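Colleague:
Residue numbers (the numbering used here): 1 to 128.
And the structure:
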């Protein structure tokens, strides 16, 4: 698989996620697909569970996804994505493994924003 193909699969993944048609996203997942969330120590196995989790996830409205950055390799792709339902705004850093044109594995981190320590205020500038 080439870099452009793995990246194209991941771009299509996020395009389909943005439709909120989660069964269509499952079509891009390998039969033995695994999603891991190391921060909460959770693992989801299989396209069906992935679909069910997304359908059942509580939201205030339709999910919207903005890909801030995508870095692709031969079979590995990393994205930085902003996710919102119109009320909650979150950021996800997602590591994809693509095999045979399908997403085989995702390891995803959901970093929480936090206040910068005052002790380094003289060294930094605020980002919006």
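C-beta: ideal position from N, C-alpha, C; glycine also. Treat the numbers as computed from the prediction; the structure is a model and nothing was measured.
#1: Please report the residue range of the beta strand (DSSP E) in which residue 68 lies.
#2: With 16 other CB atoms within 10 Å as the buried threshold, where does residue 149 fall?
#3: Determine the direct distance from the alpha carbon of residue 117 to that of residue 1, and round the result to whole angstroms.
#4: Looking at the structure shown, is residue 11 part of a helix, part of a strand, or coil, going by DSSP?
#5: Among the residues of its own chain, which have a CB less than 8 Å from the CB of residue 3, if the five just before and after it don't count?
#6: What first and last residue would you give for the beta strand (DSSP E) that runs through residue 102?
#7: Does residue 38 come out as helix, strand or coil in the three-state DSSP assignment?
#8: Tell me the DSSP secondary structure of residue 3 in three-state form.
#9: Do residue 55 and residue 28 count as a contact pair if the criterion is CB distance below 8 Å?
Modeller: Taking the definition as stated:
#1: Per DSSP, the continuous beta strand (DSSP E) segment holding residue 68 begins and ends at 64-72.
#2: There is no way to answer for residue 149, as the model of the chain reaches only from 1 to 128.
#3: For residue 1, the predicted model reports a pLDDT of 42, less than 50, meaning its position is unreliable; a value from the coordinates is still stated below. The straight-line gap from Cα to Cα measures roughly 44 Å.
#4: It is helical.
#5: For residue 3, the predicted structure reports a pLDDT of 47, less than 50, and the residue's modelled location is therefore unreliable. A value from the coordinates is still provided. Taking residue 3 as the centre and dropping the five residues before and after it, the same chain places the C-beta of 72, 73, 74 closer than 8 Å to its C-beta, in chain order.
#6: Residues 102-109.
#7: The answer is coil: DSSP assigns residue 38 none of H, G, I, E or B.
#8: Low per-residue confidence applies at residue 3: pLDDT is 47, beneath 50, and the placement is therefore not dependable, though the value from the model is reported in the following sentence. In the structure shown, residue 3 adopts helical secondary structure according to DSSP, grouped into three states.
#9: Not closer than 8 Å, so no.
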